[in-house]
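Residue numbers (this note's numbering), protein chains in the order written: chain A, -11 to 192; chain B, 8 to 272; chain C, 8 to 410. Each residue gets a CB set at the ideal place from its N, CA and C atoms; glycine is no exception. Okay, structure first, notes after.
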Amino acid sequence: MADVTLVHYGLGNIQAFAHIYQRLNLAVEVATTATQLAAAQHLILPGVGAFDWAIARLNASGMRDALDDAVLVRKVPVLGVCVGMQMMAERSDEGVEPGLGWIKGDVKAFDFHLDTQLPLPHMGWNDVDPVSNDCLFAGIEAPKYYFLHSYCIVPTDEADALATADYGNRFVSAVRHDNIFGTQFHPEKSHNWGIDLLRNFVRQ
Amino acid sequence: MLRPRIIPCLLIHKGGLVKTVQFGSPKYVGDPLNAVRIFNEKEVDELMVIDIDATRHGHAPDEAVIANLAAECRMPLAYGGGVKTVEQIERLIALGVEKVAVSSAAISDPDLIPRAAERVGRQSIIGVMDVKAGGLLRKTEVVTHNATKRTGLQPLEFAKRLEQLGVGEIVVNSVDRDGMMQGYDISLVDSIRAATNVPLTILGGAGTIDDIRKLVGRHTVIGAAAGSLFVFKGKFRAVLINYPDRNTHEGLYDCCRRVGDFGSE
Amino acid sequence: MMKGFLAKKLSDNNTGKLEVGTVMQEPRPYQICTKLVIDTTDPDATFDADGVCNHYHDFKLNVEPRWDTAERGRAALEQAVDVIKAAGKGKEFDCLMGMSGGADSSYMLHKMVTEYGLRPLVFHVDAGWNSEIAVHNINCIIDKLGLDLFTEVINWEEVRDFQLAMFKSGLPNIDGPQDIAFIGVLFQYAAKHGIKTILNGGNIATECVSYPLQYFYYADLKMTNTILKKYGTIKMASYPFTSSFYRKIYMPYVRGVKMFKPLNYMPYVKDEAMQEMADIYGWKPYAQKHFESRFTRFFEGYWLPTRFGYDVRRVQFSSLILAGQMTRDEALVKLEQSPYDPDIIQQDFDYIATKLRISSDELRSFLSMPQKFYWDYPNNKSYFELGEKILARVAGTKRGGAY
C-alpha cells in the first residue's frame, strides 16, 4: 500500500514529488482513477496552472467525488500545493469556477501598499514564518521556499493560517484545517527545506 | 523577504553542454546531466537550460533529455529552445519544468503567450529577448535564432509587449556581453526595469560575484543569471562547476536589504 | 587521487599464480590474514603457515625498511624539491599534478605549495562523473592557494561508449576508461608544457597493499582496442589514449619526465590530513577512498562486491593497518557494514543507467552476465612483465610497495 498518493489530474509536477518520496524510501502511487483514491493514506494535490483550468481538469479526471470523500469523510491528510492549495478555497479572483471549498476563504490577487510596486508574479525564494513550529515545519530551521504565483489565499478563519510570508504585504503562505494542509510555495522545488516538509507531511 | 535569484544558465549544443562567447565559438564543457546534478547538490536557486540548436535548426525540444534533467532538480528549472506550441509548453511543464521560455515564437506567434498562460498560468511563461547592438549607430535591438536574425525591435518596446502579452518573467540576454565576463549591462536593466513590472532576469556578462552583487544591490527583486561564471574557474577558464556557498549567498541578500528595504520587515 | 597512476596495479602480480590463458582456479577454502583483513577473495593473496598473507610480508620486507617520514624522509624530500625548483627556474610551473578533489591529491597539493613552495600546474580531468564534493574541494583549495586550474573535459559521448563497451565485455574494471583518460591527460600535459616532474599522490600510508590485478587490469591498448572494436559504437576521436611504451619508456627515458610521490616522505595520517584541510580550506571528506567520482563509487562500492564478490575496502583497510592508522578490529567491524549505502543504492543505480542512457534493467543484466577477465581477451600483459623485468634490471625500478 502506498504511503503517499499523488493526485494526477493532468496538472502539476507529479514527477518531482514522486522522486522525492522515492528517495525517502516511501511507496508512492500516482492516482488517475477514483478507485486508487479509496485506499490512499496521504494525498498530494499538486498544481501548476490557472485556477479555472485546474478545476476543470480535476472535474474531468473523474476523481473529484472520491477526493471529497477521502478528505472530508475519511479525513485522509491532504497537502495542496500552489494552485492545488488555491483550489481548496471557495473561489478565486483568477477565475469564475467555484473551488473545492475545503478551506473557508477566497483566493485573492496580490494587493500591495500603494507605495510598493513590486513585480508580479511573486517569484523566487522567500522566507516563510510558521505560526506554529510543529507539524509541517517541525525541525526546519530558517525555512525558505520557492514561490511562483500572483494570487494568494485569504482564509476566513485566521486560525487556518499555518505560516505567513512577506512580499510587500504579509500573506498566508501555508494553511491547515484539521487534516487539510496547503502551501502556496513549492516544497518539491525547495531543496532540503522542501524535502523535510514533505517528510513531515507523511508523518501526519 | 524575497531573495534575489542567482541562476546558472546552461547551453545545450549537439547534446553536450557548451559555453559561448557572444553567441559564437561554443566551448565544450561536458555532459548536461552530471552538471545539473552538481548544481542541484549545490542548492542553486534556479537553473536555466537553453537548447541553442533547437530554434535555429527548427527542431522541437528534446523531451527525453529534458525529463532526465528535470528529475535531478530539487529547484525550479526553466527551459528554452525550439518552443512553438501550447501543447509543447504543457508537456514540458508535465515533465517537471517550472518555466518555459519562448523567444522567436513570441514574435512570429505573439498569441502563443496568452493561449499558453490560460493553460499553465502566466507564471510559467518566460519571454526571452536576446539583445545586440547593431547597425552603424550600434543601436541595441532584439535578435532571434541564436542572434542570426535581426528583428528591428527595440528592447524597451519589446519588453512592454511581452508584459502585455502576459509573460510571467522576462529574461534579457545580452549577445554582446555573452561570455565576456565583464559585467552586466546595468543601464539596459535600469530602463527595462522602469518600463515593466514583471520579474526580470538578466543574463550575459557576469564575470565575478561582484557583478552579481552590483546588479542585485541595485534592483533587489531580480534574477541574476550567468553561464561562464558558474562553469569556468580562473584565468585558464578551467571547467569547474561552482556557485556561491550559503554564506556568500546570504551576503548578497544583506546588500539588498540595505538598498531595497520593502514591506513590513 | 589519481589511483589510476599507481603502477602497482600493473606490476604487483608477482605471485605468478595467474598466467595468461589459465582459467580460474578452484575456489580456495576461506581464510583471512591474521595480521590484516586480506582474505581469500583476493586472488593475489597467499598465506603462510601462521595464516599471515603475502601483502604483510611484502610490506615488512620491501617497504617498511625504506619508508621514513621523519628526518631522513624530510631530507630526501627537501633535496627532491630543490632539484625540482632548480629545473623550473624561470618557468611558469615547476611541476605537474592531477587533482581529483580526493584526499591524497588535495593534501599533496596543500603541503607541496604551502610548505615546500612548489609552483605546480594543476589540472583536473572531467570524465562526466564528478561529485559535488569533488568540485567543491578542488575549488576551495585552488582558491585559497591562489593557483590557476586547468581542466580537461573528456568528450562524454566517448566516455559513455567506452564505459558501455566495458560493461558489455564482462570484464571487472569498468572504471578503466576514467583511469585511462586521467593518465593520458597527465602525459599530454607533461609533453605540452615541457614539465619534467609529475607529482603523484600515490602513497604508502593508505595504499601500500596492492589491488588484485585480476579485478583491476587495464590500460592495455591491445585489450582496449579489442573491446572497443567488438563493443564500441562510435569512433574515439578525442579520447586521450597513450601506449604503455609512451608512458613507461618514451616519457621517462627520452623526455626525462619523472614521477615523484611526496606523500611517502612525510607523515600522512589520513584522518588528521582531512581534518587539517577542513579547517584551512573548508574541504569536505568523502565516505570512502575514491568516492570523488560517482562512477568509481558505484564501481568499487557496488559493482565489484556484487558481481565479483570482491570488496576493495579489504585492501584499503589493510594498508591503514600496516601504516598504524587503523586496527584490525576496527577494520573487521567496518567490513561488517555493507560496502554501499543500501538507502541510496537504488538511486545510484538508476542514475548510472540514466547517465549511460540505458534502462536500469539493461544495467542489471550486465550484473549477471558471465564473468570475463583479462586473459579472456588479447592483451599485452606478458610484454608488460618482460618490460618490468628489464627495467628493474637496467634502471633499478623494482618497486617496494608504492615507491
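Worksheet item: Does the Cβ of residue 247 of chain B have 16 or more other Cβ atoms within 10 Å, making it buried, or fewer, making it exposed?
Response: Locating residue 247 of chain B in the second sequence gives position 240, counting from the first residue. Classification for residue 247 of chain B: buried.
Worksheet item: Can you give, in chain order, each stretch of the alpha helix (DSSP H) that sits fully within the stretch 202 to 253 of chain B and has at least 4 residues?
Response: 216 to 226, 235 to 238
Worksheet item: Taking all protein chains shown into account, do 16 or more other C-beta atoms lie within 10 angstroms of the C-beta of residue 82 of chain C, making it buried, or fewer, making it exposed?
Response: Here residue 82 of chain C is taken as the residue at index 75 of the third sequence, counted from 1. Exposed, since its Cβ has fewer than 16 Cβ neighbours within 10 Å.
Practice prompt. Look at the alpha carbon of residue 29 of chain C and the alpha carbon of residue 336 of chain C, and state the distance between them as a whole number of angstroms.
Written response: The sequence position of residue 29 of chain C within the third sequence is 22, counting from 1. The sequence position of residue 336 of chain C within the third sequence is 329, counting from 1. Residue confidence is low: residue 29 of chain C scores 42 on pLDDT, short of 50, so the model does not pin down where it sits. Its coordinate-derived value is still stated next. Distance between the alpha carbons of residue 29 of chain C and residue 336 of chain C is about 36 Å.
Worksheet item: Closest Cβ-Cβ distance between residue 266 of chain B and chain A: below 8 Å?
Response: As a first step, residue 266 of chain B is located in the second sequence; it is residue number 259 there, counting from the start. With a pLDDT of 36 at residue 266 of chain B, under the threshold of 50, the predicted position of this residue should be treated as unreliable, and no value is reported.
Worksheet item: Is the beta carbon of residue 85 of chain A less than 8 Å from the beta carbon of residue 43 of chain A?
Response: On the first sequence, residue 85 of chain A is found 97 positions in, with the first residue counted as 1. On the first sequence, residue 43 of chain A is found 55 positions in, with the first residue counted as 1. Result yes, Cβ atoms of residue 85 of chain A and residue 43 of chain A sit closer than 8 Å.
Item to complete: Please state if the CB of residue 72 of chain A and the CB of residue 35 of chain A are separated by a distance shorter than 8 Å.
Response: Taking the first residue of the first sequence as 1, we reach residue 35 of chain A at position 47. Taking the first residue of the first sequence as 1, we reach residue 72 of chain A at position 84. Taking the C-beta atoms as reference points, residue 72 of chain A is found nearer than 8 Å to residue 35 of chain A.
Discussion item. On the DSSP bridge list, what partners appear for residue 158 of chain A?
Written reply: On the first sequence, position 170 is the one that residue 158 of chain A refers to. According to DSSP, which records beta bridges pairwise, residue 158 of chain A is partnered with A:154.
Practice prompt. Below 7 Å between beta carbons is the criterion; list the residues of the stretch 344 to 374 of chain C that meet it against any residue of chain A, in chain order.
Written response: 350, 354
Discussion item. Counting only Cβ pairs nearer than 9 Å, list the residues of chain B close to residue 105 of chain A.
Written reply: Taking the first sequence and counting its residues from 1, one reaches residue 105 of chain A at position 117. Residues of chain B passing the Cβ test: 204.
Worksheet item: Identify the residues that DSSP records as bridge partners of residue 19 of chain B: which are they?
Response: Mapped onto the second sequence, residue 19 of chain B falls at position 12. BP columns for residue 19 of chain B point to B:24, B:58.
Worksheet item: How should residue 169 of chain B be labelled, buried or exposed, when 16 other C-beta atoms within 10 angstroms of its C-beta is the threshold for buried?
Response: For this step, residue 169 of chain B is matched to residue 162 along the second sequence. Answer is buried; the Cβ neighbour count reaches 16.
Discussion item. I'd like to check one pair, residue 157 of chain B with residue 164 of chain B: are the Cβ atoms closer than 8 Å?
Written reply: Residue 164 of chain B sits at position 157 when you count from the first residue of the second sequence. Residue 157 of chain B sits at position 150 when you count from the first residue of the second sequence. No, these two residues do not count as a Cβ contact at 8 Å.
Worksheet item: Mapping DSSP to helix, strand and coil, what is residue 148 of chain B?
Response: Taking the second sequence and counting its residues from 1, one reaches residue 148 of chain B at position 141. It is a strand residue.
Worksheet item: Listing by chain order, which chain C residues have their CB less than 7 Å from the CB of residue 11 of chain A?
Response: Looking up residue 11 of chain A in the first sequence gives position 23. Those within 7 Å of residue 11 of chain A in chain C are 354.
Discussion item. Could you compute how far the alpha carbon of residue 207 of chain C sits from the alpha carbon of residue 119 of chain C?
Written reply: Taking the third sequence and counting its residues from 1, the one referred to as residue 207 of chain C is at position 200. Taking the third sequence and counting its residues from 1, the one referred to as residue 119 of chain C is at position 112. Taking the straight line from one Cα to the other gives about 11 Å.
Discussion item. For residue 37 of chain B and residue 77 of chain B, which I take to be in contact (beta-carbon distance under 8 Å), what is that distance rounded to the nearest angstrom?
Written reply: For the purposes of this step, residue 37 of chain B is taken as residue 30 along the second sequence, with counting starting at 1. For the purposes of this step, residue 77 of chain B is taken as residue 70 along the second sequence, with counting starting at 1. Incorrect: roughly 19 Å between the Cβ atoms, too far for contact.
Worksheet item: Cβ atoms of residue 359 of chain C and residue 302 of chain C: under 8 Å apart, would you say?
Response: Taking the first residue of the third sequence as 1, we reach residue 302 of chain C at position 295. Taking the first residue of the third sequence as 1, we reach residue 359 of chain C at position 352. Cβ atoms of residue 302 of chain C and residue 359 of chain C: closer than 8 Å.
Practice prompt. Determine the DSSP secondary structure at residue 349 of chain C, reduced to helix, strand or coil.
Written response: Your numbering for residue 349 of chain C matches position 342 in the third sequence. The answer is coil: DSSP assigns residue 349 of chain C none of H, G, I, E or B.
Worksheet item: Among C:276, C:363, C:300, which one has its Cα closest to the Cα of residue 333 of chain C?
Response: As a first step, residue 333 of chain C must be located in the third sequence, where it is residue number 326. Of the candidates C:276, C:363, C:300, the one whose C-alpha sits nearest the C-alpha of residue 333 of chain C is C:276.
Item to complete: Let me know the alpha helix (DSSP H) ranges lying completely inside the stretch 81 to 107 of chain B, each 4 residues or longer, listed in chain order.
Response: If we require 4 residues or more, the alpha helix (DSSP H) runs fully inside the stretch 81 to 107 of chain B come out as 93 to 102.
Worksheet item: In whole angstroms, what separates the C-alpha of residue 379 of chain C from that of residue 220 of chain C?
Response: To locate residue 379 of chain C, count along the third sequence from 1; it is residue 372. To locate residue 220 of chain C, count along the third sequence from 1; it is residue 213. Spanning the two alpha carbons is a distance of roughly 13 Å.
Worksheet item: Are any of the Cβ atoms in chain B nearer than 8 Å to that of residue 171 of chain C?
Response: Position 164 of the third sequence, counted from the first residue, corresponds to residue 171 of chain C. Chain B contact via Cβ: absent.
Fill in: CB contact check: residue 139 of chain C to chain B, cutoff 8 Å
Here the question's residue 139 of chain C lines up with position 132 in the third sequence. For residue 139 of chain C, the answer is yes, since a Cβ of chain B falls inside 8 Å of its Cβ.
Item to complete: Tell me whether residue 127 of chain A is buried or exposed, calling it buried when 16 or more other Cβ atoms sit within 10 Å of its Cβ.
Response: Here residue 127 of chain A refers to the residue found at position 139 of the first sequence. With fewer than 16 other Cβ atoms within 10 Å, it is exposed.
Worksheet item: Going along the chain, which unbroken runs of the alpha helix (DSSP H) with 4 or more residues stay wholly within the stretch 269 to 354 of chain C?
Response: Here the runs fully enclosed are 277 to 288, 301 to 305, 311 to 315, 320 to 329, 335 to 343.
Practice prompt. Return the residue from the list B:83, B:57, B:82 that minimises the CA-CA distance to residue 72 of chain B.
Written response: Position 65 of the second sequence, counting from 1, holds the residue named residue 72 of chain B. For the residues B:83, B:57, B:82, the minimum Cα distance to residue 72 of chain B belongs to B:57.
Discussion item. In the DSSP output, what is residue 79 of chain A paired with across the bridge?
Written reply: On the first sequence, position 91 is the one that residue 79 of chain A refers to. Note: residue 79 of chain A sits in a beta bridge opposite A:94.
Fill in: Neighbour flag for residue 52 of chain B against chain C, beta carbons, 8 Å
Looking up residue 52 of chain B in the second sequence gives position 45. Contacts with chain C at 8 Å (Cβ-Cβ) do not include residue 52 of chain B.
Worksheet item: Does DSSP put residue 181 of chain A in a helix, a strand or coil?
Response: The residue you call residue 181 of chain A lines up with position 193 of the first sequence. Residue state for residue 181 of chain A is assigned as helix, using DSSP reduced to three classes.
Fill in: Given residue 158 of chain C as reference, the closest of C:105, C:110, C:126, C:270 once Cα atoms are compared
Along the third sequence, read from residue 1 onward, the residue named residue 158 of chain C stands at position 151. Among C:105, C:110, C:126, C:270, the Cα nearest to that of residue 158 of chain C belongs to C:105.
Discussion item. Strictly by DSSP, which residues pair up with residue 128 of chain C?
Written reply: Sequence index remark: in the third sequence, residue 128 of chain C carries index 121 (1-based). DSSP lists C:103 as partners of residue 128 of chain C.
Discussion item. Please list, in chain order, the residues of the stretch 235 to 252 of chain B that have any C-beta partner in chain C closer than 7 Å.
Written reply: 240, 241, 242, 243, 245, 246, 247, 248, 249
Discussion item. When you compare the CB of residue 165 of chain A with every CB in chain B, is at least one pair closer than 8 Å?
Written reply: Within the first sequence, numbered from 1, the residue matching residue 165 of chain A stands at position 177. By this cut-off, residue 165 of chain A is not an interface position.
Fill in: Cβ-based contacts, 8 Å cut-off: residues of the stretch 22 to 52 of chain B near chain C
22, 23, 35, 36, 37, 38, 40, 41, 44, 45, 48, 49
Discussion item. Does residue 111 of chain B come out as helix, strand or coil in the three-state DSSP assignment?
Written reply: Position 104 of the second sequence, counting from 1, holds the residue named residue 111 of chain B. Looking at residue 111 of chain B - three-state DSSP - the assignment turns out to be helix.
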